[in-house]
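The structure under discussion appears below in the form of structure tokens.
Residue numbers (full-length UniProt numbering): 1 to 257.
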């Protein structure tokens, strides 16, 4: 079970990226909130695959630095068919939401898990590195802006970006550019990871709601997201599950789901 003893004031500086994402989604229109589909991702289904089920649990235990439970979740994810590359990518992406220290510690735990599994004769699929070349300069900014607009449901603007325009440029060029252009992990998996990590993090409820809405836009169904809350309740922490459930209820309200 997760035991979260952290104080929101102790969150890493890089949580600013997460806060920027939450502010980004908060300025989208109601029409965007009600348009949860995206042609670039797989069609939604009634339930999560076994690989998808592992991702929010890995993310939640990473976010709370619960290494024993993270070790178990990593093993379960690899047993379910996650490749080493996919699992590693989840932990890399989440540095933008829970900070470099937790990401580095989790990556070290993954290395330990993979080595131990090899010693037990388990041959996990390595997966692949990104196939698509990551653009640079103005092309990276353009790609990031396009990805940001797809995920948010509308072009992004708002007072926070007028007050600190550089944060949106960081979001566009790095989070939605450098990271989301990496095609070794699909967008549904990326959102499942983000939802799991934010649900385990007190004080970022508005960002969690935003990512629940984004999860719908990239093709996850309401039933699949309800399954996420059930998994967090069963295997994680009660408060984590409550935050996830409340955020999903709010995200579904504009769409009448």
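Note that beta-carbon positions come from the ideal geometry of N, C-alpha and C, so glycine has one too.
Checklist line | Three-state secondary structure (DSSP) of residue 81 | finding: Coil.
Notebook entry, point to check: When DSSP labels each residue in this structure, what does residue 98 get in the three-state scheme?
Noted result: Three-state DSSP puts residue 98 in a helix.
Check: Hey, how far is the Cα of residue 202 from the Cα of residue 247?
Finding: Looking at the two C-alpha atoms, the distance is approximately 12 Å.
Next item on the list: In angstroms with no decimal places, state the Cα-to-Cα distance between residue 130 and residue 96.
Entry: Rounded to whole angstroms, residue 130 to residue 96 spans 19 Å at the Cα level.
Next item on the list: Return the residue from the list 128, 120, 106 that minimises the CA-CA distance to residue 94.
Entry: Ranking 128, 120, 106 by Cα distance to residue 94 puts 106 first.
Checklist line | Alpha carbon of residue 125 to alpha carbon of residue 78, nearest angstrom | finding: Rounded to whole angstroms, residue 125 to residue 78 spans 8 Å at the Cα level.
Item checked: Close-in-space but distant-in-sequence residues of the same chain around residue 222 (CB under 8 Å, 5 per side omitted) -> The residues are 216, 248, 252, 257.
Item checked: Stretch pair the region 177-196 + the region 55-72: three plus CB contacts closer than 8 Å -> The region 177-196 is in contact with the region 55-72.
Next item on the list: Pull up the distance between the alpha-carbon of residue 152 and that of residue 80, whole angstroms please.
Entry: Taking the straight line joining both Cα atoms gives about 30 Å.
Next item on the list: Can you tell me which of the three DSSP states residue 180 falls into?
Entry: Coil at residue 180, not helix or strand.
Note to self: Going by C-alpha to C-alpha distance, which of 154, 200, 75, 250 sits closest to residue 112?
What the structure shows: For residue 112, the nearest C-alpha among the options comes from 75.
Next item on the list: State the start and end residues of the unbroken alpha helix (DSSP H) segment that holds residue 58.
Entry: 50-63 is the span of the alpha helix (DSSP H), which, as asked, contains residue 58.
Note to self: Does residue 144 come out as helix, strand or coil in the three-state DSSP assignment?
What the structure shows: Helix, per DSSP.
Notebook entry, point to check: chain B beta carbons: is any one of them nearer than 8 Å to that of residue 162?
Noted result: Included in the structure is just one protein chain, with no chain B present.
Checklist line | Inter-residue CB distance, residue 250 and residue 241 (contact presumed, cutoff 8 Å) | finding: With a beta-carbon spacing of about 15 Å, residue 250 and residue 241 fall beyond the 8 Å limit used to define contacts.
Note to self: What does the Cβ neighbour count give for residue 225, buried or exposed, with the cut at 16 atoms within 10 Å?
What the structure shows: Buried.
Next item on the list: Hey, could you find the ends of the alpha helix (DSSP H) residue 242 is sitting in?
Entry: 238-252 is the extent of the alpha helix (DSSP H) around residue 242.
Note to self: Quick check on residue 175: buried or exposed, where buried means 16 or more other Cβ atoms within 10 Å of its Cβ?
What the structure shows: Looking at its Cβ environment, which holds 16 or more other Cβ atoms inside 10 Å, residue 175 is buried.
Next item on the list: For the alpha helix (DSSP H) holding residue 167, just list the boundary residues, first then last.
Entry: Looking at the DSSP string, the run of the alpha helix (DSSP H) that includes residue 167 is 165-170.
Checklist line | Between the CA atoms of residue 136 and residue 69 - distance to the nearest angstrom | finding: The alpha-carbon of residue 69 is positioned some 38 Å away from that of residue 136.
Check: What span of residues does the alpha helix (DSSP H) with residue 194 cover, start to end?
Finding: That run of the alpha helix (DSSP H) goes 187-199.
Check: Can you round the beta-carbon distance between residue 127 and residue 172 to whole angstroms, since I take them to be within the 8 Å contact cut?
Finding: Rounded, the Cβ-Cβ distance is 27 Å, inconsistent with contact.
Notebook entry, point to check: Should residue 89 and residue 185 be called a contact, given that it needs their Cβ atoms to be closer than 8 Å?
Noted result: Going by C-beta atoms, residue 89 is nearer than 8 Å to residue 185.
Next item on the list: Using three-state DSSP, classify residue 47 as helix, strand or coil.
Entry: The answer is coil: DSSP assigns residue 47 none of H, G, I, E or B.
Notebook entry, point to check: With 16 other CB atoms within 10 Å as the buried threshold, where does residue 236 fall?
Noted result: With 16 or more other Cβ atoms within 10 Å, it is buried.
Next item on the list: Give the straight-line distance between the Cα atoms of residue 110 and residue 204, rounded to the nearest whole angstrom.
Entry: Residue 204 has its alpha-carbon roughly 26 Å from the corresponding atom of residue 110.
Next item on the list: Determine the direct distance from the alpha carbon of residue 122 to that of residue 170, and round the result to whole angstroms.
Entry: In this structure, the alpha-carbon of residue 170 lies about 40 Å from that of residue 122.
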